[in-house]
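Trainee: Numbering (the working numbering), first residue to last: 2 to 778. Idealized CB from N, CA, C, for every residue including glycine. Computed from a prediction, not measured in an experiment: that's the story for all the values here.
#1: Leaving out the 5 sequence neighbours to the left and right, which residues in its chain are closer than 8 Å to residue 643 when beta-carbon positions are compared?
#2: As an exercise, report each continuous alpha helix (DSSP H) stretch of at least 4 residues that is fully enclosed by the stretch 422 to 452, in chain order.
#3: Taking the beta carbon of residue 386 as the centre, do at least 16 other beta carbons fall within 10 Å, making it buried, or is it exposed?
#4: Going by C-alpha distance, which of 4, 467, 95, 283 is nearest residue 356?
#5: Who are the Cβ neighbours of residue 391 in its own chain at under 6 Å, not counting the five residues just before and after it?
#6: Let me confirm a value: residue 388 is counted as buried when at least 16 other C-beta atoms fall within 10 Å, else exposed. Which label applies?
#7: Does the Cβ-Cβ distance between residue 1 and residue 179 come in under 8 Å?
#8: Considering Cα atoms alone, identify which of 347, 155, 324, 248 is closest to residue 334.
#9: Could you name each continuous alpha helix (DSSP H) segment of 4 residues or more that falls completely within the stretch 650 to 682, going from the start of the chain to the end?
#10: Since residue 361 is in the alpha helix (DSSP H), which residue starts that stretch and which ends it?
#11: Which residue from 428, 125, 136 puts its Cα closest to that of residue 153?
#12: So, for residue 1: in the same chain, excluding its five sequence neighbours on each side, which residues have a beta-carbon less than 7 Å away from its beta-carbon?
#13: Distance check for residue 358 and residue 1, CA to CA, integer angstroms please.
#14: Near residue 480, what residues of its chain come up, given a Cβ to Cβ distance below 8 Å and the 5 sequence neighbours on each side ignored?
#15: On a CA-only basis, which of 353, 104, 365, 586 is nearest residue 336? Give me that one, please.
#16: Taking just the CA atoms, how far does residue 225 sit from residue 23?
#17: How many angstroms separate the CA atom of residue 590 from the CA atom of residue 685?
#18: Could you give the distance in angstroms between the alpha-carbon of residue 701 and the alpha-carbon of residue 648?
#19: If we require 4 or more residues per run, which alpha helix (DSSP H) segments fall completely within the stretch 290 to 352?
#20: If the criterion is Cβ atoms closer than 8 Å, does the pair residue 555 and residue 571 meet it?
#21: Is the beta carbon of residue 240 less than 8 Å from the beta carbon of residue 194?
#22: From which residue to which residue does the beta strand (DSSP E) around residue 385 run?
#23: Under 7 Å Cβ to Cβ from residue 302, same chain only, skipping five residues before and after it: list those, please.
#24: Would you kindly check if the distance between the Cβ of residue 724 and the Cβ of residue 706 is under 8 Å?
#25: Following the continuous alpha helix (DSSP H) through residue 762, name the residue where it begins and the one where it ends.
#26: Let me confirm a value: residue 11 is counted as buried when at least 16 other C-beta atoms fall within 10 Å, else exposed. Which label applies?
#27: What separation, rounded to the nearest whole angstrom, lies between the Cα atoms of residue 598 and residue 507?
#28: Going by Cα to Cα distance, which pick from 484, 463, 602, 221 is closest to residue 558?
#29: Comparing C-alpha positions only, which one of 424, 86, 92 sits nearest to residue 148?
#30: Leaving out five residues on either side along the sequence, give the residues of the same chain with a beta carbon under 7 Å from the beta carbon of residue 242.
#31: Could you work out which residue in 3, 102, 155, 169 is closest to residue 210 when comparing CA atoms only?
#32: Check the C-beta distance from residue 494 over to residue 451 and give it rounded, since I have them as a contact under 8 Å.
#33: Rounded to whole angstroms, how far is the Cβ of residue 781 from the Cβ of residue 94, which I believe are closer than 8 Å?
#34: Distance check for residue 299 and residue 368, CA to CA, integer angstroms please.
#35: How far does the beta strand (DSSP E) with residue 505 in it extend, from its first residue to its last?
#36: Let's see if you can read the secondary structure: which residues bound the beta strand (DSSP E) around residue 553?
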């Protein structure tokens with residue numbers, strides 16, 4: 002038995018049954034079920050989802066402030082008045098800035114961009130930057146992907162006489178800035194979709210400004226939309242769907258250079274953006290000024306772009322090293338200072354690079370299943386600045402807003418936020434958030450959740466079905482990549498990877514072979530019996546290598562719901578084949594008074610095992626003297642894993658077992674001869690009859706016990722008046738018969754036979770409870 006690491010959320014009633022093949026002109030039942038889970042039932046809605054079109058985009062002028070903002074920019078264009086684009090330093094901000102600059106240039110506006118330095122200026126608009134813009138002759142500032150929380154900065158811009166146009170998508174706080182215009186889906190009651198990324202809002206502004214849908218910006222739109230983890234539904238689905246096609250065919254030198262440096266071939270998908278393109282663009286602003294990332298995307302020279310892309314790739318490698326070092330320190334702080342993680346993790350240290358703390362927070366969330374705030378300390382200023390990431394059940398924005406007074410600056414979303422805190426507020430902030438979590442969350446809320454679409458059989462997995470599921474792409478927030486539950490016994494399990502920390506499975510159905518890859522689950526290798534029926538959750542896909550396509554499932558979590566038998570009979574190297582998890586209760590039982598057990602486990606007698614009602618694992622070191630010793634112990638306890646570790650020094654089963662005819666012939670021979678010298682004649686008799694000497698000795702000892710013969714100095718003679726007795730009246734005969742049966746059952750049986758035998762006796766208490774529950778219904 003192996004418990005799943007995550008909480009499996011079963012949201013369907015019954016798995017799809019029967020034929021799952023595509024109907025003429027239609028979808029398979031499985032694909033229809035996936036669509037229905039996404040709220041799509043009607044054929045027209047199916048078509049809209051599976052085949053997005055630009056007609057599904059909403060009118061940009063439905064967004065409040067759009068008309069006023071566009072008119073002001075056109076006025077600036079006509080007057081030759083320069084406009085400054087104020088962006089953010091992440092991938093969404095960089096792509097938003099690039100898009101807005103190109104749209105303004107296309108509209109004939111003189112413009113430039115400004116992205117604050119994360120380390121010297123922090124997040125969002127600031128008065129110094131606005132003063133710089135005013136002193137430089139700018140009359141209009143357009144923010145992209147930032148600004149909705151800049152109340153004081155907007156007031157300062159107004160004092161200077163700057164017209165501030167805010168385009169943003171972050172959560173709206175209690176007070177809106179007093180800006181010339183605010184373009185934000187969540188402040189626009191008439192706008193149908195509120196979940197655009199910052200670059201999506203910039204795209205809508207460009208649409209309104211240029212008078213037509215600017216499809217040539219889609220290769221920029223897709224970067225910020227996917228990298229910022231906004232829900233890929235409604236307009237975001239349209240923009241990302243066509244954006245992936247656009248970026249895959251993009252002639253933009255910056256995109257071409259990124260493809261080259263990342264060795265991207267063929268079509269890009271959402272994973273290419275999320276795990277390859279996005280992190281590299283993000284890396285620039287995490288370690289230094291983000292301007293080079295904008296310059297890369299704006300570049301018109303492939304040679305120049307390749308130099309910048311190589312530099313950015315180097316920054317990303319440096320970023321990875323910094324993240325690994327800080328994450329290690331943060332993990333040690335959580336464990337050392339707290340023993341176990343609090344309901345909300347808040348860690349801070351001087352010298353931590355603020356630019357990567359969001360990634361570190363994400364790592365802590367994954368490792369400890371807790372919301373995490375990670376801050377870099379600036380002791381000179383007396384503040385700590387950093388990022389937060391959260392679990393599904395804890396809305397970081399809403400809950401932090403309840404203690405807004407603890408922050409100097411705060412903003413973000415439900416799952417991610419940025420903040421600045423005075424050092425003397427850190428302990429109070431931690432206690433406040435822990436208190437909120439204790440009130441609102443249960444123990445289950447801290448377990449990662451896997452939302453399972455349905456159960457499928459291995460034989461239901463096909464290339465055609467996977468291709469149909471892929472029509473739901475791009476996957477992301479709001480349209481997650483489908484996770485499926487499968488149940489099967491693997492044909493093969495092995496460790497892979499340079500560190501041997503991943504698992505590879507091969508599942509063989511009646512007609513289909515499916516590979517399974519479980520990254521990071523290598524520690525389960527010794528905990529999985531090769532014959533176990535596994536439950537696992539994963540993503541279906543195709544692994545293409547050298548032109549061959551293999552069906553594959555990327556396994557996210559594994560469980561085994563039944564007890565497992567590990568067959569190490571006869572093995573002399575138990576330490577190599579068995580791993581005892583330190584947190585589990587294991588014992589080693591001996592029926593023959595063994596003194597030592599592997600792994601320094603205490604050697605227990607059967608009655609000591611029965612003193613405990615349940616065990617995670619039991620190692621059976623030797624065979625019992627009587628089968629009842631073992632069956633009584635098994636019936637009295639519940640065990641998740643049983644290890645058959647015994648071997649035989651001398652086997653009864655391998656010796657010749659005498660039949661009644663053997664006994665009859667031997668007795669007749671004694672009657673005829675009158676005497677038999679065991680010392681001189683036993684080997685001769687055994688050789689002539691094709692017996693084993695031990696069989697001659699055994700027959701003689703049984704006859705002696707039954708008083709059929711006398712034995713003196715190895716000489717057998719027949720009793721003059723033997724009593725009438727059956728062979729089974731001999732305790733020696735019965736003992737040998739029982740030993741033979743025990744060896745045959747417990748040692749020389751197949752794995753399947755041994756498992757079935759244990760099943761009859763093991764976990765009887767658990768089985769009884771199940772029967773009572775069923776009967777009680």
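Mentor: Answer, in terms of the structure:
#1: Reading the chain shown from its first residue, position 642 is the one you call residue 643. A distance below 8 Å between beta-carbons, with the five flanking residues on each side excluded, links residue 643 to the following residues of its chain, in chain order: 564, 565, 566, 567, 618, 619, 621, 759, 763.
#2: 427 to 441
#3: The residue given as residue 386 occupies position 385 in the chain shown. Looking at its Cβ environment, which holds 16 or more other Cβ atoms inside 10 Å, residue 386 is buried.
#4: As a working note, residue 356 is residue 355 in the chain shown. Between residue 356 and the set 4, 467, 95, 283, the nearest pair of CA atoms involves 283.
#5: In the chain shown, the residue the question calls residue 391 occupies position 390. These residues qualify, in order along the chain: 372, 397, 416.
#6: As a first step, residue 388 is located in the chain shown; it is residue number 387 there, counting from the start. Buried, because 16 or more other Cβ atoms sit within 10 Å of the Cβ of residue 388.
#7: This structure does not reach residue 1, given that the chain is present from 2 up to 778, and the question cannot be answered.
#8: By one-based count along the chain shown, residue 334 stands at place 333. Measuring from the Cα of residue 334, the nearest candidate turns out to be 347.
#9: Secondary structure in the stretch 650 to 682: the alpha helix (DSSP H) runs of 4 residues or longer, each lying completely within the stretch, are 661 to 674 in chain order.
#10: To locate residue 361, count along the chain shown from 1; it is residue 360. 358 to 369 is the extent of the alpha helix (DSSP H) around residue 361.
#11: Your numbering for residue 153 matches position 152 in the chain shown. Nearest option by C-alpha distance: 125.
#12: It is not possible to answer for residue 1, since the shown part of the chain is limited to 2 through 778.
#13: Not covered by the structure: residue 1. The range shown for the chain is 2 to 778.
#14: Start at 1 with the first residue of the chain shown, and residue 480 comes out as number 479. 39, 232, 233, 234, 238, 473, listed in sequence order.
#15: The residue you call residue 336 lines up with position 335 of the chain shown. Of the candidates 353, 104, 365, 586, the one whose C-alpha sits nearest the C-alpha of residue 336 is 365.
#16: Position 22 of the chain shown, counted from the first residue, corresponds to residue 23. Position 224 of the chain shown, counted from the first residue, corresponds to residue 225. The pLDDT assigned to residue 23 is 46, lower than 50, so where the model puts this residue is not dependable; a value taken from the coordinates is nonetheless given after this. Using only the alpha carbons, I get a separation of about 35 Å.
#17: Against the chain shown, residue 590 aligns to sequence position 589. Against the chain shown, residue 685 aligns to sequence position 684. Rounded to the nearest angstrom, the two C-alpha atoms are 43 Å apart.
#18: The residue given as residue 701 occupies position 700 in the chain shown. The residue given as residue 648 occupies position 647 in the chain shown. Spanning the alpha carbons of residue 701 and residue 648 requires a straight line of approximately 28 Å.
#19: Listed in chain order, they are 292 to 299, 303 to 339.
#20: Here the question's residue 555 lines up with position 554 in the chain shown. Here the question's residue 571 lines up with position 570 in the chain shown. It is not a contact, given that the beta carbons lie outside the stated cut-off.
#21: Counted from its first residue, the chain shown places residue 240 at position 239. Counted from its first residue, the chain shown places residue 194 at position 193. Contact: no.
#22: Position 384 of the chain shown, counting from 1, holds the residue named residue 385. From DSSP, the beta strand (DSSP E) with residue 385 extends over 384 to 390.
#23: Taking the chain shown and counting its residues from 1, the one referred to as residue 302 is at position 301. The residues are 254.
#24: Numbered from its first residue, the chain shown carries residue 706 at position 705. Numbered from its first residue, the chain shown carries residue 724 at position 723. No, they are not a contact pair.
#25: Numbered from 1 along the chain shown, position 761 holds the residue referred to as residue 762. Unbroken alpha helix (DSSP H) run through residue 762: 752 to 762.
#26: The residue given as residue 11 occupies position 10 in the chain shown. By the C-beta density criterion, residue 11 is exposed, having fewer than 16 other C-beta atoms within 10 angstroms.
#27: On the chain shown, residue 598 is found 597 positions in, with the first residue counted as 1. On the chain shown, residue 507 is found 506 positions in, with the first residue counted as 1. Cα-Cα distance, rounded: 34 Å.
#28: In the chain shown, the residue the question calls residue 558 occupies position 557. Nearest of 484, 463, 602, 221 to residue 558, Cα basis: 484.
#29: Here residue 148 refers to the residue found at position 147 of the chain shown. Comparing Cα-Cα distances from residue 148 to each of 424, 86, 92, the minimum goes to 86.
#30: Translated into the one-based positions of the chain shown, residue 242 becomes position 241. Once the five neighbours on either side are set aside, the close Cβ partners of residue 242 are 53, 475.
#31: Numbered from its first residue, the chain shown carries residue 210 at position 209. That would be 102, whose Cα lies nearest to the Cα of residue 210.
#32: Reading the chain shown from its first residue, position 493 is the one you call residue 494. Reading the chain shown from its first residue, position 450 is the one you call residue 451. Between residue 451 and residue 494 the Cβ distance is about 21 Å, and since that is not below 8 Å, they are no contact.
#33: Any question about residue 781 goes unanswered here, given that the chain covers just 2 to 778.
#34: By 1-based counting over the chain shown, the position of residue 368 is 367. By 1-based counting over the chain shown, the position of residue 299 is 298. Roughly 38 Å between the two C-alpha positions.
#35: As a first step, residue 505 must be located in the chain shown, where it is residue number 504. If you look at residue 505, you'll find it in the beta strand (DSSP E) that goes 503 to 509.
#36: The residue given as residue 553 occupies position 552 in the chain shown. From DSSP, the beta strand (DSSP E) with residue 553 extends over 549 to 560.
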